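**Q** Counted the way our numbering counts, the sequence shown spans residues 176 to 964.
We treat Cβ as the ideally placed atom computed from N, Cα and C, and that holds for glycine.
Nothing here was measured: the structure is a model prediction, and the numbers come from that model.
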Amino acid sequence: MNAPATLQKQAPSQLAMLRQVERKLLWLSSWMIHQANHVRSNRDGLKVGGHQASCASVAAIMTTLYFEILRPQDRVAVKPHAGPVFHAINYLLGRQTREKMEGLRAFGGAQPYPSRVKDGSEVDFSTGSVGLGVALTSFASLMQEYVRLHGLGTGLPAGRHVAIAGDAELDEGNIYEALLEGWKHDVRDVWWIIDYNRQSLDSVVPDRLFGRIEGLFRDMGWAVVTLKYGRKLEAAFAREGGDALRDWIDDCPNSLYAALTFQGGAAWRQVLLTDLGRSPGVRAIIDPLDDGELGALMTNLGGHDIETLLEAFRTADAAGDQPTCFIAYTIKGMGLPFAGHKDNHSGLMSREQMTAFQAEQRVRPGHEWDVSEGLDVTPEGFQAFIAACPFAARLAPGGRALPAEPVHVPAHLPSPKTAGRRVSTQTGFGEMLAEIGRGEGDLAALASRIVTTSPDVTVSTSLGPWVNRRGIFDRHTRNDVFRDNKLASAQRWGMSPTGQHIELGIAEQNLFLLLGAAGLSHALHGARLLPIGTVYDPFVNRGLDALIYACYQDSRFLLVSTPSGISLAPEGGQHQSINTPLIGMAADRLAAFEPAHVDELAILLRHAFAHMQAPDGSAVWLRLSTRQLDQPARPLDPAAVIAGAHWAVAPAPGARIALAYQGPVATEAFAAFEDLLAEEPGAGLLAITSPDRLHAGWRAAQQRRRNGERGALAHIERLLQPLAPGAAIVSVLDGHPAAHAWLGAVRGQRVVALGPDHFGQGGDIPDLYREYGLDVDAILDACAQALLE
Ligand SMILES: Cc1ncc(C[n+]2csc(CCOP(=O)(O)OP(=O)(O)O)c2C)c(N)n1
Ligand SMILES: [Mg+2]
Numbered sequence: 176m177n178a179p180a181t182l183q184k185q186a187p188s189q190l191a192m193l194r195q196v197e198r199k200l201l202w203l204s205s206w207m208i209h210q211a212n213h214v215r216s217n218r219d220g221l222k223v224g225g226h227q228a229s230c231a232s233v234a235a236i237m238t239t240l241y242f243e244i245l246r247p248q249d250r251v252a253v254k255p256h257a258g259p260v261f262h263a264i265n266y267l268l269g270r271q272t273r274e275k276m277e278g279l280r281a282f283g284g285a286q287p288y289p290s291r292v293k294d295g296s297e298v299d300f301s302t303g304s305v306g307l308g309v310a311l312t313s314f315a316s317l318m319q320e321y322v323r324l325h326g327l328g329t330g331l332p333a334g335r336h337v338a339i340a341g342d343a344e345l346d347e348g349n350i351y352e353a354l355l356e357g358w359k360h361d362v363r364d365v366w367w368i369i370d371y372n373r374q375s376l377d378s379v380v381p382d383r384l385f386g387r388i389e390g391l392f393r394d395m396g397w398a399v400v401t402l403k404y405g406r407k408l409e410a411a412f413a414r415e416g417g418d419a420l421r422d423w424i425d426d427c428p429n430s431l432y433a434a435l436t437f438q439g440g441a442a443w444r445q446v447l448l449t450d451l452g453r454s455p456g457v458r459a460i461i462d463p464l465d466d467g468e469l470g471a472l473m474t475n476l477g478g479h480d481i482e483t484l485l486e487a488f489r490t491a492d493a494a495g496d497q498p499t500c501f502i503a504y505t506i507k508g509m510g511l512p513f514a515g516h517k518d519n520h521s522g523l524m525s526r527e528q529m530t531a532f533q534a535e536q537r538v539r540p541g542h543e544w545d546v547s548e549g550l551d552v553t554p555e556g557f558q559a560f561i562a563a564c565p566f567a568a569r570l571a572p573g574g575r576a577l578p579a580e581p582v583h584v585p586a587h588l589p590s591p592k593t594a595g596r597r598v599s600t601q602t603g604f605g606e607m608l609a610e611i612g613r614g615e616g617d618l619a620a621l622a623s624r625i626v627t628t629s630p631d632v633t634v635s636t637s638l639g640p641w642v643n644r645r646g647i648f649d650r651h652t653r654n655d656v657f658r659d660n661k662l663a664s665a666q667r668w669g670m671s672p673t674g675q676h677i678e679l680g681i682a683e684q685n686l687f688l689l690l691g692a693a694g695l696s697h698a699l700h701g702a703r704l705l706p707i708g709t710v711y712d713p714f715v716n717r718g719l720d721a722l723i724y725a726c727y728q729d730s731r732f733l734l735v736s737t738p739s740g741i742s743l744a745p746e747g748g749q750h751q752s753i754n755t756p757l758i759g760m761a762a763d764r765l766a767a768f769e770p771a772h773v774d775e776l777a778i779l780l781r782h783a784f785a786h787m788q789a790p791d792g793s794a795v796w797l798r799l800s801t802r803q804l805d806q807p808a809r810p811l812d813p814a815a816v817i818a819g820a821h822w823a824v825a826p827a828p829g830a831r832i833a834l835a836y837q838g839p840v841a842t843e844a845f846a847a848f849e850d851l852l853a854e855e856p857g858a859g860l861l862a863i864t865s866p867d868r869l870h871a872g873w874r875a876a877q878q879r880r881r882n883g884e885r886g887a888l889a890h891i892e893r894l895l896q897p898l899a900p901g902a903a904i905v906s907v908l909d910g911h912p913a914a915h916a917w918l919g920a921v922r923g924q925r926v927v928a929l930g931p932d933h934f935g936q937g938g939d940i941p942d943l944y945r946e947y948g949l950d951v952d953a954i955l956d957a958c959a960q961a962l963l964e
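Right, dumping it as structure tokens:
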């Protein structure tokens with residue numbers, strides 16, 4: 176193969192420098208893991224772990240990328256198990272401390288897998304749950320385009336979104352969902368570099384799989400660049416006998432290739448002589464090489480050959496912004512004693528192996544962390560090379576998170592007129608958003624930063640009026656054919672680069688990946704957006720890992736899930752949800768609410784826009800319903816609604832019972848409460864808007880008291896204070912009753928918690944509420960039981 180002109184002019188010193196960096200990264204990542212496991216004291220006897228083989232697999236790829244190809248505005252998702260290589264790169268760039276690296280996997284130290292929240296803003300995307308980080312790059316690139324086409328952001332040149340992916344990540348279904356969605360949106364500027372070591376955790380990957388995968392990428396409009404062999408092997412293939420050698424390797428099963436790699440040069444020689452000894456020219460290639468050289472030749476794969484990588488990346492760079500997949504053949508554990516061994520995923524070098532490796536790397540004991548230790552170039556030359564690489568330029572003063580102006584949230588949002596109407600929270604939400612979309616002044620400024628999205632449930636979650644107003648986002652302007660042909664439709668779905676709704680296919684993981692990416696636009700693209708995603712409540716489960724993942728990155732968005740519970744009644748069992756209130760409580764960095772009435776919703780929607788931007792805020796989740804409710808006219812304390820509960824009817828001091836409700840069962844709760852008052856005139860009626868916030872507030876107050884703040888009181892503690900010490904609480908929600916069961920622990924009171932713990936059949940509300948114990952009779956029975964106990 177002829178080297179292109181650019182490479183022929185390549186200063187040899189630059190290649191030599193890159194090889195030095197590669198060696199340094201291999202050393203530092205191996206050492207970081209070694210000292211965490213074998214040097215640092217271990218108090219609990221647990222394996223610390225780390226993935227030396229996975230790191231070695233990508234040392235050359237990451238060297239080439241970070242020290243030559245990447246520009247500051249490019250964004251990278253690093254294969255989770257290459258975290259130590261990433262930390263080592265930042266160490267070389269002066270962006271990571273020795274102390275943190277010595278603390279790899281220890282509390283406060285560098286994280287096992289790169290984490291935006293824990294490692295800081297040098298990390299563009301957290302990774303760990305395989306597949307998600309890869310897919311996220313596609314959605315982040317889409318959001319970059321969104322920000323650019325809306326005239327927001329920094330004006331920096333567009334960055335490329337790069338995933339360095341393990342080959343087993345391609346087994347995750349969410350990769351293909353994202354590919355399809357990316358194709359629909361004509362996503363550009365994405366590179367996925369697959370570390371094709373043909374090994375996962377348990378085993379060696381079947382040979383034929385990647386032929387299929389390559390085709391899939393091409394079908395989705397991607398360029399595919401396969402980097403199979405390095406320069407040395409290509410040179411050997413060009414000689415007499417080279418074709419036979421190439422055919423032999425091409426036909427060699429992955430597992431045999433891996434085993435021979437592990438065994439080394441002598442084993443290679445034996446097999447090659449047996450199989451190819453009589454092929455003309457082959458002996459002339461292999462005989463002059465000693466075992467070490469032969470092993471090096473036979474393992475000279477594209478993903479370990481910096482020249483090959485440079486050429487491929489530069490060629491793709493010059494070709495433009497087409498999404499590109501690089502299938503880089505590699506060897507897991509390359510350069511380490513367990514290279515190629517199928518069990519090496521969690522393998523660690525033994526002390527003896529490390530001693531030998533250290534000597535081979537010419538690193539003197541006590542100098543393990545010295546940047547220029549053991550190199551073939553001067554320290555000054557090495558440092559100067561690093562300082563001069565494009566990625567060494569700073570993107571933002573404090574790291575890689577861009578500054579972004581906050582979006583002003585008006586003190587009040589327009590509330591729908593509810594007098595004399597029965598309204599569901601879902602309808603209320605749709606009307607409120609439409610009103611914001613029509614607004615002027617402050618509201619217009621707010622509306623301009625809202626971006627909505629939905630996985631094919633835009634209309635059925637009441638986003639239709641907003642979308643009619645603000646349009647659908649598309650890189651290309653596309654007319655609404657129905658409208659142009661004057662065919663009546665409630666939906667006006669013109670698409671343009673200024674539209675503010677991103678329509679997704681049904682795959683819910685994509686919804687959460689897009690929300691995850693959109694909710695990082697302030698940091699990644701320098702523009703604060705207020706992303707809102709709507710989905711049917713039960714199908715939150717379908718995208719749950721991606722939702723947790725988005726929150727784990729501290730992405731900021733508003734999730735609106737509707738309809739919910741069994742109250743969606745005739746829509747059927749499969750669409751009913753009972754576990755989501757518990758997910759809302761247990762999900763970190765996600766404040767979950769379920770208002771019953773539209774006045775509460777108005778407070779919470781406003782709060783969401785502010786909370787999504789607050790430094791100590793989070794993503795927000797509103798669980799809404801299609802059940803229409805009479806709307807009370809009443810004063811409300813916004814702080815109480817936001818803290819999770821308020822008294823709809825305050826209890827008398829010393830009351831023996833309170834009835835608590837959440838969400839659309841308010842109707843039954845109000846009716847039952849009327850009857851209860853006849854028996855217990857002092858009873859209170861508590862409206863719970865968020866068991867999640869209530870519980871979090873209670874935990875926080877307990878912590879404050881433990882810290883010595885003896886008077887600290889949680890909102891729920893204050894609310895329950897008027898009740899008699901032995902009072903009972905009957906609670907009801909259209910969700911799993913465990914969401915309320917803890918209320919009894921706040922003041923040692925008895926709780927009878929009502930809510931469905933089974934689901935799965937259609938019906939109307941009277942039938943279903945009776946069946947699952949949410950109707951007025953069930954509530955009154957529970958009150959009687961609670962009072963008796
Ligand atoms: C969703 C998910 N499932 C399982 C795991 C456990 N796991 C960690 S790495 C790994 C295999 C990774 O193989 P590959 O992507 O090929 O990376 P390599 O180490 O070979 O570079 C598995 C199954 C995980 N991290 N995430
Ligand atoms: Mg692998």
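So within the stretch 705 to 766, which uninterrupted alpha helix (DSSP H) runs reach at least 4 residues, ignoring any that extend past its ends?
**A** Listed in chain order, they are 719 to 727, 755 to 761.
**Q** Which residues share a DSSP beta bridge with glycine 859?
**A** Answer is Ala833.
**Q** Within the same chain, show all residues whose beta-carbon is closer than 6 Å to that of leucine 608, passing over the 5 residues directly before and after it, in chain order.
**A** So the qualifying residues of the chain are Trp641.
**Q** Serine 375 to serine 304, Cα distance in whole Å?
**A** Roughly 14 Å separates the two Cα atoms.
**Q** Looking at glutamate 347 and ligand 1, is the gap between the Cβ and the nearest heavy atom below 8 Å?
**A** For ligand 1, at least one heavy atom lies less than 8 Å from the Cβ of glutamate 347.
**Q** Taking the straight line between their C-alpha atoms, what separation do you get for leucine 182 and glutamate 243?
**A** Legend: pLDDT at leucine 182 = 45, less than 50; position of this residue unreliable, value from coordinates given subsequently. Distance between the alpha carbons of leucine 182 and glutamate 243 is about 13 Å.
**Q** With DSSP as the reference, label alanine 413 as helix, strand or coil.
**A** Alanine 413 falls in the coil class under three-state DSSP.
**Q** On a Cα-Cα basis, can you pick out the residue from Gly748, Phe566, Met787 that is closest to threonine 239?
**A** Among Gly748, Phe566, Met787, the Cα nearest to that of threonine 239 is on Phe566.
**Q** For tryptophan 917, which of helix, strand or coil comes out of DSSP?
**A** Tryptophan 917: coil per DSSP, three-state reduction.
**Q** Which first and last residues belong to the beta strand (DSSP E) in which cysteine 500 is found?
**A** Taken as a continuous stretch (DSSP letters only), the beta strand (DSSP E) holding cysteine 500 covers 499 to 504.
**Q** CB of alanine 374 to nearest heavy atom of ligand 2: below 8 Å?
**A** In the sequence under discussion, the amino acid at residue 374 is glutamine, which differs from the alanine named in the question. Yes - ligand 2 has a heavy atom lying nearer than 8 Å to the Cβ of glutamine 374.
**Q** Under three-state DSSP, which class holds tryptophan 641?
**A** Tryptophan 641: helix per DSSP, three-state reduction.
**Q** Measuring from the CB of lysine 517, is there a heavy atom of ligand 1 at a distance below 8 Å?
**A** No, since every heavy atom of ligand 1 falls outside the 8 Å radius drawn around the Cβ of lysine 517.
**Q** Could you tell me the distance, in whole angstroms, from the CA atom of alanine 762 to the CA atom of valine 816?
**A** Near 20 Å, if we compare the C-alpha coordinates of valine 816 and alanine 762.
**Q** Grab me the residues of tyrosine 944's own chain with a C-beta within less than 7 Å of its C-beta, minus the 5 sequence neighbours each way, in chain order.
**A** Within the same chain, tyrosine 944 has close Cβ partners Glu843, Asp950.
**Q** Once you ignore the five residues that flank glycine 549 on each side, which residues in its own chain have a CB closer than 6 Å to its CB?
**A** Answer for glycine 549: Gln536, Arg537, Val538, listed in chain order.
**Q** Going by DSSP, what residue range makes up the alpha helix (DSSP H) through isoleucine 778?
**A** Counting along the chain, the alpha helix (DSSP H) containing isoleucine 778 begins and ends at 773 to 786.
**Q** What does DSSP give as the partner residues of alanine 965 in its beta bridges?
**A** Because residue 965 is not part of the residues shown, which for the chain are 176 to 964, the question remains open.
**Q** Could you give the residue range of the beta strand (DSSP E) that holds glutamate 482?
**A** Segment 481 to 494 is the alpha helix (DSSP H) holding glutamate 482; no beta strand (DSSP E) there.
**Q** Looking at the structure shown, is histidine 360 part of a helix, part of a strand, or coil, going by DSSP?
**A** In the structure shown, histidine 360 sits in coil (DSSP, three-state: anything other than H, G, I, E or B).
**Q** Could you please give me the residues that DSSP links to glycine 370 through a beta bridge?
**A** The identity of residue 370 in the sequence shown is aspartate, whereas the question assumes glycine. For aspartate 370, which the question treats as bridged, DSSP gives the partners Gly341, Ala503.
**Q** Cα separation between alanine 794 and glycine 883?
**A** Looking at the two C-alpha atoms, the distance is approximately 30 Å.
**Q** What is the DSSP secondary structure of serine 232, reduced to helix, strand or coil?
**A** In this structure, serine 232 counts as helix in the three-state DSSP scheme.
**Q** Determine whether the beta carbon atoms of methionine 473 and leucine 408 lie at a separation below 9 Å.
**A** Yes, Cβ-Cβ distance for methionine 473 and leucine 408 is below 9 Å.
**Q** Is the CB of glutamine 286 under 9 Å away from at least one CB in chain D?
**A** In the displayed structure, chain D is absent; only one protein chain is listed.
**Q** Using only the heavy atoms of ligand 2, determine whether one of them is closer than 8 Å to the beta carbon of serine 966.
**A** Residue 966 cannot be examined here, being either before or after the span of the chain that is shown, 176 to 964.
**Q** How big is the Cα-Cα spacing for arginine 717 and threonine 505?
**A** When rounded, the distance between both Cα atoms is 34 Å.
**Q** At the level of alpha carbons, what is the spacing between alanine 871 and leucine 908?
**A** Answer to the nearest angstrom: the Cα atoms are 19 Å apart.
**Q** Does DSSP put arginine 658 in a helix, in a strand, or in coil?
**A** DSSP places arginine 658 in helix when its eight states are reduced to three.
**Q** Look at the alpha carbon of alanine 459 and the alpha carbon of serine 296, and state the distance between them as a whole number of angstroms.
**A** Whole-angstrom Cα-Cα distance: 53 Å.
**Q** Around the Cβ of proline 770, are there at least 16 other Cβ atoms within 10 angstroms (buried) or fewer (exposed)?
**A** By the neighbour-count rule (16 or more Cβ atoms within 10 Å), proline 770 is buried.
**Q** Reducing DSSP to helix, strand and coil, say where tryptophan 796 ends up.
**A** Three-state result, tryptophan 796: strand.
**Q** Just how far apart, CA to CA, sit alanine 663 and asparagine 643?
**A** In a straight line, the C-alpha of alanine 663 is about 14 Å away from that of asparagine 643.
**Q** Put serine 629 into one of helix, strand or coil per three-state DSSP.
**A** Residue state, collapsed to three classes: strand.
**Q** With DSSP as the reference, label serine 205 as helix, strand or coil.
**A** If DSSP states are grouped into helix, strand and coil, serine 205 belongs with the helices.
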